[in-house]
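Here is the structure we will look at.
Protein chains: 2
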Amino acid sequence: MPQQADCVFCKIVAGQIPSAKVFEDDACIAFLDIGPLADAHLLIVPKEHYERITDMPALEFAAVTLRIPQLARAVMEVSGAEGLNVLQNNGQVSGQAVPHVHIHIIPRRQGDGLGYRWNAGKYPEGKLQQLQRALAGALGT
Amino acid sequence: MPQQADCVFCKIVAGQIPSAKVFEDDACIAFLDIGPLADAHLLIVPKEHYERITDMPALEFAAVTLRIPQLARAVMEVSGAEGLNVLQNNGQVSGQAVPHVHIHIIPRRQGDGLGYRWNAGKYPEGKLQQLQRALAGALGT
Numbered sequence: 001m002p003q004q005a006d007c008v009f010c011k012i013v014a015g016q017i018p019s020a021k022v023f024e025d026d027a028c029i030a031f032l033d034i035g036p037l038a039d040a041h042l043l044i045v046p047k048e049h050y051e052r053i054t055d056m057p058a059l060e061f062a063a064v065t066l067r068i069p070q071l072a073r074a075v076m077e078v079s080g081a082e083g084l085n086v087l088q089n090n091g092q093v094s095g096q097a098v099p100h101v102h103i104h105i106i107p108r109r110q111g112d113g114l115g116y117r118w119n120a121g122k123y124p125e126g127k128l129q130q131l132q133r134a135l136a137g138a139l140g141t
Numbered sequence: 001m002p003q004q005a006d007c008v009f010c011k012i013v014a015g016q017i018p019s020a021k022v023f024e025d026d027a028c029i030a031f032l033d034i035g036p037l038a039d040a041h042l043l044i045v046p047k048e049h050y051e052r053i054t055d056m057p058a059l060e061f062a063a064v065t066l067r068i069p070q071l072a073r074a075v076m077e078v079s080g081a082e083g084l085n086v087l088q089n090n091g092q093v094s095g096q097a098v099p100h101v102h103i104h105i106i107p108r109r110q111g112d113g114l115g116y117r118w119n120a121g122k123y124p125e126g127k128l129q130q131l132q133r134a135l136a137g138a139l140g141t
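Protein chains in written order, with my numbering: chain A, 1 to 141; chain B, 1 to 141.
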């Protein structure tokens, strides 16, 4: 299991730093965020060190995300929240504080002041089709 | 394949409403959001109708998320972004606008004014351990 000596999440995976762990399997661990946005704010972390999901093989990522529905149900039950955000940040510009892939499960309630800054735009004429072609090209679809 | 007659994403899956589709397999489709937060903002949608991830069987969810790394790489390549947020909202309170599970891939750049409202708190004495026990109980771990 590749570990980075200076990575706080690798140290949590290895048990060198304590965490409020609630789940573990071969692919991932889940523990409570100690700087929570809401009670029961959970982190799911692949055991292997990858900085971004774009670095991860598909099956390794799916082995982690496989656990999200059951972990999300437990967070809903324990928090009594009305909803959830599942958030995963890649790169410092995106808000990623620890450069080891992690997925946030964030319980939501009316008036909690959380959520994504939703500043939606509109594509100028032709741009949507241009991006569609470029993405299809990149994906080979 | 369960379809909801009044669901806009079920209609896109069925081809009854056009979309700028870039990927499709047995489990999901991916298309450009027409109200983008950034150029190449992508949506990944399970073909089957579920309102929330907490309603989804683990393997069905993993069959969708399996595609996230390759789709995220294509979005990075085409957008030239510095980072990405992967966001999935459950419930109106969380910002979910269409009640059919969907995953946002949102390209990020310095100064774009996007991102999650990060208003982190701290648990009072004993609360972390109480939540850890409750979650472990809910998960049977």
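In this text, a Cβ means the ideal position worked out from N, Cα and C, and glycines have one as well.
Cβ neighbour criterion (16 or more within 10 Å) applied to residue i
{"i": "A:Pro124", "result": "exposed"}
{"i": "A:Ile103", "result": "buried"}
{"i": "A:Lys122", "result": "exposed"}
{"i": "A:Pro161", "result": "The structure shown has nothing for residue 161 of chain A, since chain A only spans 1 to 141."}
{"i": "B:Ala27", "result": "buried"}
{"i": "B:Ile34", "result": "exposed"}
{"i": "A:Ala30", "result": "buried"}
{"i": "A:Leu128", "result": "buried"}
8 Å Cβ cutoff met for residue i and residue j
{"i": "B:Val22", "j": "A:Gln132", "result": "yes"}
{"i": "B:Leu66", "j": "A:Ala72", "result": "no"}
{"i": "B:Ile105", "j": "B:Val78", "result": "no"}
{"i": "A:Val64", "j": "A:Pro46", "result": "yes"}
{"i": "B:Ala97", "j": "B:Ala38", "result": "no"}
{"i": "A:Arg117", "j": "B:Gly113", "result": "yes"}
{"i": "A:Ile53", "j": "B:Pro36", "result": "no"}
{"i": "A:Val93", "j": "B:Gln130", "result": "no"}
One or two residues paired with residue i in a DSSP bridge
{"i": "A:Gln70", "result": "According to DSSP, which records beta bridges pairwise, A:Gln70 is partnered with nothing at all."}
{"i": "B:Ile110", "result": "Checking the displayed sequence, the identity of residue 110 of chain B turns out to be Gln instead of Ile. DSSP lists no partner for B:Gln110."}
{"i": "B:Ala30", "result": "B:Phe23 and B:Ile44"}
{"i": "B:Asn90", "result": "A:Leu84"}
{"i": "A:Ile105", "result": "A:Leu42 and A:Val86"}
{"i": "A:Tyr116", "result": "B:Tyr116"}
8 Å Cβ shell around residue i - same chain, five flanking residues per side excluded
{"i": "A:Gly95", "result": "Asn89"}
{"i": "B:Leu32", "result": "Ser19, Ala20, Val22, Ala40, His41, Leu42 and Leu43"}
{"i": "A:Cys10", "result": "Gln3, Gln4, His49 and His100"}
{"i": "B:Ala134", "result": "none"}
Cutoff 6 Å; reference residue i; Cβ partners in own chain excluding five residues on either side
{"i": "B:Gly83", "result": "Arg108"}
{"i": "A:Asp25", "result": "none"}
{"i": "B:Ile12", "result": "Ser19"}
{"i": "A:Ala120", "result": "none"}
Contacts of residue i in chain A (Cβ-Cβ under 8 Å)
{"i": "B:Phe61", "result": "Thr65, Leu66, Ile68 and Pro69"}
{"i": "B:Ile144", "result": "Because residue 144 of chain B is not part of the residues shown, which for chain B are 1 to 141, the question remains open."}
Closer than 7 Å at the beta carbon, the chain A residues around residue i
{"i": "B:Asp39", "result": "Leu131"}
{"i": "B:Pro36", "result": "Ala120, Gly121 and Tyr123"}
{"i": "B:Val98", "result": "Those do not exist, as B:Val98 stays about 13 Å from chain A at its closest Cβ, beyond 7 Å."}
Contacts that residue i makes with chain B (C-beta to C-beta distance below 9 Å)
{"i": "A:Glu82", "result": "Gly91, Gln92, Val93 and Ser94"}
{"i": "A:Gly15", "result": "Ordered by position in chain B, no residue passes the 9 Å Cβ test against A:Gly15, which lies about 15 Å from the chain."}
{"i": "A:Val101", "result": "Per Cβ cutoff of 9 Å: no residues; A:Val101 is ~10 Å from chain B at best."}
Per-residue contacts from residue i into chain A (C-beta, under 9 Å)
{"i": "B:Gly115", "result": "Asn89, Val93, Ser94, Gly95, Tyr116 and Arg117"}
{"i": "B:Lys47", "result": "None at all; the shortest Cβ gap to chain A is about 16 Å."}
Cβ-based neighbour list, residue i, same chain, cut-off 7 Å, excluding 5 preceding and 5 following
{"i": "A:Cys7", "result": "His49 and His100"}
Proximal chain B residues relative to residue i, where beta-carbon distance stays under 7 Å
{"i": "A:Ala74", "result": "Leu135, Ala138 and Leu139"}
{"i": "A:Val22", "result": "Gln132, Leu135, Ala136, Leu139 and Thr141"}
{"i": "A:Leu43", "result": "Neighbours of A:Leu43 on chain B: none; closest Cβ ~12 Å, over 7 Å."}
Residue-level contact to chain E via CB, residue i, 8 Å cutoff
{"i": "B:Val78", "result": "Going by chain labels, chain E is absent from the structure shown, which instead holds the protein chains A and B."}
Interface partners of residue i on chain B, CB under 8 Å
{"i": "A:Gly5", "result": "The question names Gly, but residue 5 of chain A is Ala in the sequence shown. Those within 8 Å of A:Ala5 in chain B number zero; the least Cβ separation is about 24 Å."}
{"i": "A:Ile12", "result": "The contacting residues do not exist; A:Ile12 stays about 14 Å from chain B at best."}
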